[in-house]
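Chains L and S, in that order, give the protein sequences.
Using our numbering, the first residue of the first sequence is number 10, and each one after it goes up by one.
Using our numbering, the first residue of the second sequence is number 10, and each one after it goes up by one.
The next block holds one structure in the form of structure tokens; read it before the comments.
Number of protein chains: 2
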Amino acid sequence: MAEDINRNNACMLIDGETQICIDPSEPVLRVLGKKYSILLISVIGNENTRRNFNDIRKSIPESSNSIISRRIRDLISTGIIKKASENGIVTYALTDFGYELRKKLIPILRFIEMKTR
Amino acid sequence: MAEDINRNNACMLIDGETQICIDPSEPVLRVLGKKYSILLISVIGNENTRRNFNDIRKSIPESSNSIISRRIRDLISTGIIKKASENGIVTYALTDFGYELRKKLIPILRFIEMKTR
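Structure below.
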């Protein structure tokens, strides 16, 4: 929560009987609102395995190295993915937080898939 | 689905035993990957009522008129929100598709709210 926004001022969402209070500048929300983030989180979590940069990039048709590497940095800095080195190869995987987030994103992707079939 | 991407090449997501096939350039997915889209869909669907531009803009602290009006245009062109005129005032509401989408977005916002409390 940024210091200049009172959390109470950011209770803009109504969900049934309750409110949701969320700072629009909250980093996790901001990173989701960037190109390829939703797909990257979904792809990196496939089969719960570590993946290297080329595998990840090739999973997303017509994406470029530069935007994917920028977005991977964004996802690392928000604690959604983590980086490791295995036999000299850099790999990426979701953090526990990233896995929880992916579970919430999958229904959206299923819904979009169904609606655009 | 863009003609230059074979849908089978875009089956990049694994969800349990099944795949999800989605074109990264699919307009609904692209608009979600833009700043404020997720919040706007959520705010515009509050209490299932039509809202005018100023109400919507003020619901999102520190946003500007120009980015909100651009994003509203994106959401109209993807069939997520619709525009109407009531007593000379332009108002916006979710389409049926937009409401279904909002239902899938709310769990993500709840999750982010909980994790950043």
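Glycine is no exception: its CB is placed at the ideal position from the N, C-alpha and C atoms.
Bear in mind the structure is a predicted one, so any value in this text is a computation, not a measurement.
Would DSSP call residue i helix, strand or coil?
i	result
residue 89 of chain L	coil
residue 122 of chain L	helix
Which residues in the same chain have their Cβ closer than 7 Å to the Cβ of residue i, if we skip the five residues on either side of it in sequence?
i	result
residue 66 of chain S	72, 74, 77
residue 87 of chain S	36, 37, 40
Are the Cβ atoms of residue i and residue j separated by less than 7 Å?
i	j	result
residue 115 of chain S	residue 32 of chain L	no
residue 60 of chain S	residue 101 of chain S	yes
residue 103 of chain S	residue 90 of chain S	yes
residue 69 of chain S	residue 48 of chain S	yes
residue 121 of chain L	residue 38 of chain S	yes
residue 40 of chain S	residue 83 of chain S	yes
residue 124 of chain S	residue 42 of chain L	no
residue 79 of chain S	residue 46 of chain S	no
DSSP beta-bridge partners for residue i?
i	result
residue 98 of chain S	S:95
residue 103 of chain L	L:90
Apart from the five residues on each side of it in sequence, which residues of its chain come closer than 8 Å, Cβ to Cβ, to residue i?
i	result
residue 51 of chain L	111, 114, 115, 118
residue 95 of chain L	59
residue 20 of chain S	28, 29, 30
Within its chain, find whatever has a CB closer than 6 Å to the CB of residue i; leave out the 5 residues flanking it on each side and keep chain order.
i	result
residue 22 of chain L	29
residue 93 of chain S	100
residue 98 of chain S	61
residue 55 of chain L	none
residue 64 of chain S	none
message = I'd like the ranges of any alpha helix (DSSP H) spanning at least 4 consecutive residues and lying wholly in the segment 14–82 of chain L.
response = 36–41, 46–53, 62–68
ask   = In chain order, what residues of the segment 100–125 of chain L put their CB closer than 8 Å to some CB of chain C?
value = Absent here is chain C; the protein component of the structure consists of chains L and S.
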